[in-house]
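Enquirer: Got a structure here, written out as structure tokens. Questions coming.
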Amino acid sequence: MSGDHIHAEPTSFWKKHVFSVDHKVIAKQFMWFGLLWLLIGGLMAMMIRWQLANPGMPVPLLGNLLFSRTDGVIDPATYNMLFTMHGTIMIFLGLTPILIGAFGNWCIPLMIGARDMIFPLLNMLSFWTVVLGGLVGLYSMFVPLGATEAGWTGYPTLSTTVGTQGSGETLWALAVFLIGLSSIMGGINYITTIIRLRAPGMGWMDMPLTIWGMLFTAVLNVLFLPVIGSAMLLLIMDRVFGTTFFVPASIMSGASGGDPILYQHLFWIFGHPEVYILILPAWGLVSDLLSFFARKPAFGYKVTVGAMFAVTLLSAVVYGHHMFTTGLSAMLGESFMLLTMIISVPGEILFFNWLHTIWRGSLRLTSAMLFSMGVIFVFGLGGLTGLYLATISTDIFLHDTYFVVGHFHLTMAASSLFGAFAAIYFFFPKMFGRMMSERLGKIHFWTTIIPLTVVFCTMFISGYGGMPRRYYDHTSASYLAPLQHLNVITTTAAFILGAAQLIFAWNFVRSRWWGAKAPDNPWEVGTLDWTTPTPVPHYNFKEIPVVHTGPHEFSHPKLGDRDWISQTDKLPA
Amino acid sequence: MNALRLSFNPAKTLTRVLASSFALFLFSAGVSAQDVVNRWGPTPSASSYGDDFDDLFWLITALVSVSFALVVILLVVPLIRDRARPGKKASYDHGTSLHDKRFTACVSIIVFVVLDAWVLVIAMEDLQTGFWNYPNPDNAATYKVEVLGQQWAWNFRATGLDGEFGTPDDILTTNTLTVPKDRPISMNFTSKDVIHSFFLPDMRTKRDVNPGSVNIAWFEPVIAGDFDILCAELCGFAHYQMYGKLHVLEQDVFDTWEKEASLMAQAAYDKNDTEAHWAWEWQE
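Chains as they are written, first to last, in the numbering used here: chain L, 640 to 1212; chain V, 6 to 289.
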């Protein structure tokens, strides 16, 4: 293998810290970038929640600054922009950069024993493309003719000039296109690196499960991001060049006519795998972390890999469940219902293996472990409620209500976010050479999981009550006014949840510069990344390590008092 | 440094901010709660297949609750029992024995049969006999309505006394739909501009209203009264204000209303008013 794959250490400031091709620097860049956008997207969520609990009342603190034209009140068009950008930002600019950009870049070379990604320049390009996408997205909110307001799904004809005249919507589509391009570049890099640069001795079944998660995500990225990219290009052409891919003839005289439903197919062919693009890295990380902190081998390693593979395959053939009310034929609808339900089998196998991994372990309840167990909790809640939505006869009522909002926030958002938090608490010592405060980390965990559960479970009740999503004000409709008290509960819990994230921000910043110096292997785990010195030198490994053991050999009976062994050591015979 | 710490206590400030915002919420909730009775679910079902939704919803809730309770138990037991203590050693188990594999397979089969197959069978039956059991539009008992969505209103067209669409006695209404009780209501939808979604929460039904194509849905109201029509698909900044009223009348009351409305429509008919002439071929 090309173990000698190296590039010289740069000396200039720009090459070293800004336009670096070093995967470790790029990982940290993705991390800061993602955290910044999580903050912006989170603030937007707070404003959305404020408006829903107090319709038409001026936003405290930030209102006069951001909405000075309306004396601090969020108007309906701005509200639509807020939830559109909240979704777009959280998915494409917050979670994707942190989970896939930062931890993909950090974990892949270090965990497989490589000196860098196989295409370092492409890696740098991937980061700067997402930055460009982010800037275009940011700018789209401030264009004079109106920002995007068609939802993160951007359904035509609302997202064409029929529904939104402003150039903000065009810029939004361009931003999504650019971000998709960045993910494709990253995906190609990840797949090739994992295939080509594994250290000698590391077979496929010796890889940490994190790497499996990243691999499946990268495959989905490369397969399905081009679909959303194409949809966005077609949408931009419809908006800018007057084509009618998504505009039917009946509403635009003189045009030959397209079909808005075509966009929904394109969007969800990408959109459903996107859910798994975000959750697979978290699943992989959690599968490893549960084993690491339970001091027990990962239960059924190969079965876990097989289950993740099955989910990856199935994710491509279930997208129709997003379109049950669109007017799909009965046969298509029922096929998608069955296929969607089949996903619960590999999903359940993952849960089974995780719960089995911690059963009769010796649990070290670090912040990373708590958040990993938190993933089981929130994904359990979110995954199981998917059953209501996979079932067409219940989905007809629940579709486009807050039930759906609760469901996908728990699965896609909260689970991925918990996975990201677990990964940050776990990898921080190696990334930044300092320890995070465990005390603050545990406070952060409990102050997050409790309000988070309240927020999204209350949304289930609202949705069951018939409350549609994307409403500026629920009190104006007589059917919905009696559900307003649920909005107040959700908002109160959401504000506590938002405030709790300040604990994390403080912990992160404090530890980054003033935390205790981290030892080389504070968690006592055996994967290759923890065999490197802290801080990790430019070439990661002075000599490419040779792998002898699996990643999860904990509490081996012949190891004596030590309950772990490095992957570079041989197990006693 | 010390002075700064004394003057600003983050914990205290946070508590104060939280307490004051909580008080504000309670206050605003109190204001809005004066004239409405809080609800924790939908209003009672008012359609022939509405109970199918309610029954299946609660069956799934029961299945999901038991499953989730099991997950929580399996999380909490190790959390308490298996905490690391000095001298405690984890069991060394890769879960690769034949016994483990059989156990995994059994759990998978149980999950698929109990959680999925059971729900799937009931859902298919509900769809065949209810939601997708569309009434024949040529049947005299079927009451036919054409629905045209637009930003931000619902336009309705009923056939009037002659039973034909596109004739002068068609009853045209905006945001108000009047239908007879205990008869299948067959609806065709399309949109003038963007996608809308016709949502009748009391009837437990919803259908997207797409521009460029005609979508269908049906329901049979079993309770007379006034119900709400909501839009469930984001359709622009006044999406939240796109609602209408559904009036379900007893057959005899309805007959009187229909006759009157149809005659009034005929009297008011203006063949030059092309805006009002939206109508399309009834789709089989």
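Glycine residues also receive a C-beta, built at the ideal position from the N, C-alpha and C atoms.
Just to confirm the assignment, what range does the beta strand (DSSP E) spanning residue 151 of chain V have?
Expert: 148-155
Enquirer: Would you report the Cα separation of residue 971 of chain L and residue 1028 of chain L, rounded to the nearest angstrom?
Expert: 16 Å
Enquirer: Where do the N-terminal and C-terminal ends of the beta strand (DSSP E) with residue 234 of chain V fall, by residue?
Expert: 230-236
Enquirer: With distance defined between alpha-carbon atoms, name the residue in L:660, L:688 and L:833 nearest to residue 1128 of chain L.
Expert: L:688
Enquirer: Measure from the C-beta of residue 935 of chain L to each C-beta in chain V and report whether the shortest distance is under 7 Å.
Expert: yes
Enquirer: Using a C-beta cutoff of 7 Å, does residue 1035 of chain L count as contacting chain V?
Expert: yes
Enquirer: What span of residues does the beta strand (DSSP E) with residue 193 of chain V cover, start to end?
Expert: 190-196
Enquirer: Consult DSSP for residue 163 of chain V and reduce its assignment to one of helix, strand or coil.
Expert: Reduced to three states, the DSSP call for residue 163 of chain V is strand.
Enquirer: Got a sec: is the Cβ-Cβ distance from residue 1012 of chain L to anything in chain V below 7 Å?
Expert: yes
Enquirer: Buried or exposed: residue 70 of chain V, going by 16 or more other Cβ atoms within 10 Å of its Cβ?
Expert: exposed
Enquirer: Taking the alpha-carbon positions, what's the residue 1058 of chain L to residue 920 of chain L distance?
Expert: 8 Å
Enquirer: Which of the three DSSP states, helix, strand or coil, is assigned to residue 827 of chain L?
Expert: helix
Enquirer: What residues are listed by DSSP as bridge partners for residue 88 of chain V?
Expert: Partner(s): L:1002.
Enquirer: Comparing alpha-carbon positions, which option in L:659, L:725, L:821 and L:978 lies nearest residue 949 of chain L?
Expert: L:978
Enquirer: So, are the CB atoms of residue 222 of chain V and residue 209 of chain V less than 7 Å apart?
Expert: no
Enquirer: Does the structure place the segment 946-964 of chain L close enough to the segment 869-880 of chain L that three or more beta carbon pairs sit under 8 Å?
Expert: no
Enquirer: Would the segment 982-1001 of chain L count as touching the segment 127-136 of chain V if we require 3 or more Cβ pairs under 8 Å?
Expert: no
Enquirer: Just the C-alpha distance for residue 288 of chain V and residue 61 of chain V, rounded to the nearest angstrom, thanks.
Expert: Residue placement at residue 288 of chain V is flagged as unreliable, the pLDDT there being 46, under the threshold of 50; the coordinate-derived value follows with that caveat. Cα to Cα, residue 288 of chain V sits roughly 31 Å from residue 61 of chain V.
Enquirer: Alpha carbon to alpha carbon, what distance is there between residue 739 of chain L and residue 667 of chain L?
Expert: Counting only the Cα atoms, residue 739 of chain L lies some 12 Å from residue 667 of chain L.
Enquirer: Measuring only between beta-carbons, confirm whether residue 1107 of chain L sits less than 7 Å from chain V.
Expert: yes
Enquirer: If you follow the alpha helix (DSSP H) that residue 1089 of chain L is part of, which residue opens it and which one closes it?
Expert: 1077-1103
Enquirer: Select from the segment 50-70 of chain V all residues with a C-beta closer than 7 Å to any C-beta belonging to chain L, and list them in chain order.
Expert: 57, 58, 61, 62, 65 and 69
Enquirer: Compute the Euclidean distance between the alpha carbons of residue 1236 of chain L and residue 1206 of chain L, then round it to the nearest angstrom.
Expert: Because chain L spans 640 through 1212 in this model, residue 1236 of chain L falls outside it and cannot be assessed.
Enquirer: Between the Cα of residue 861 of chain L and the Cα atoms of L:811, L:906 and L:912, which residue gives the shortest distance?
Expert: L:912
Enquirer: Does the CB of residue 656 of chain L have a neighbour CB from chain V at under 7 Å?
Expert: The beta carbon of residue 656 of chain L sits no closer than 7 Å to any beta carbon of chain V.
Enquirer: According to DSSP, which residues form a beta bridge with residue 1068 of chain L?
Expert: None, per the DSSP bridge assignment.
Enquirer: Would you tell me roughly how many angstroms separate the C-alpha atoms of residue 1155 of chain L and residue 745 of chain L, rounded to the nearest one?
Expert: The C-alpha of residue 1155 of chain L lies about 21 Å from the C-alpha of residue 745 of chain L.
Enquirer: Mind checking who residue 210 of chain V pairs with in its DSSP beta bridge?
Expert: DSSP, once it has assigned bridges, lists V:205 as partnering residue 210 of chain V.
Enquirer: Would residue 35 of chain V count as contacting chain L if we go by Cβ distances under 7 Å?
Expert: For residue 35 of chain V, the pLDDT reaches just 46, beneath the cut-off of 50, and the residue's location in the model is therefore unreliable, leaving the point undetermined.
Enquirer: One question on the structure: do residue 1062 of chain L and residue 742 of chain L come within less than 7 Å of each other, judged by their Cβ atoms?
Expert: yes
Enquirer: Identify whether residue 158 of chain V lies in helix, strand or coil by the three-state DSSP scheme.
Expert: strand
Enquirer: Per DSSP, what are the beta-bridge partners of residue 224 of chain V in this structure?
Expert: V:190
Enquirer: Between which two residues does the beta strand (DSSP E) holding residue 715 of chain L run?
Expert: First-last for residue 715 of chain L: 715-727, but that is the alpha helix (DSSP H), not the beta strand (DSSP E).
Enquirer: Alpha carbons only, please: which of V:232, V:163 and V:90 is nearest the one belonging to residue 147 of chain V?
Expert: Ranking the options by Cα distance to residue 147 of chain V, first place goes to V:163.
Enquirer: I'd like to know whether the C-beta atoms of residue 1075 of chain L and residue 1011 of chain L end up nearer to each other than 7 Å.
Expert: no
Enquirer: If we count the other Cβ atoms within 10 Å of its Cβ and call it buried at 16 or more, is residue 927 of chain L buried or exposed?
Expert: buried
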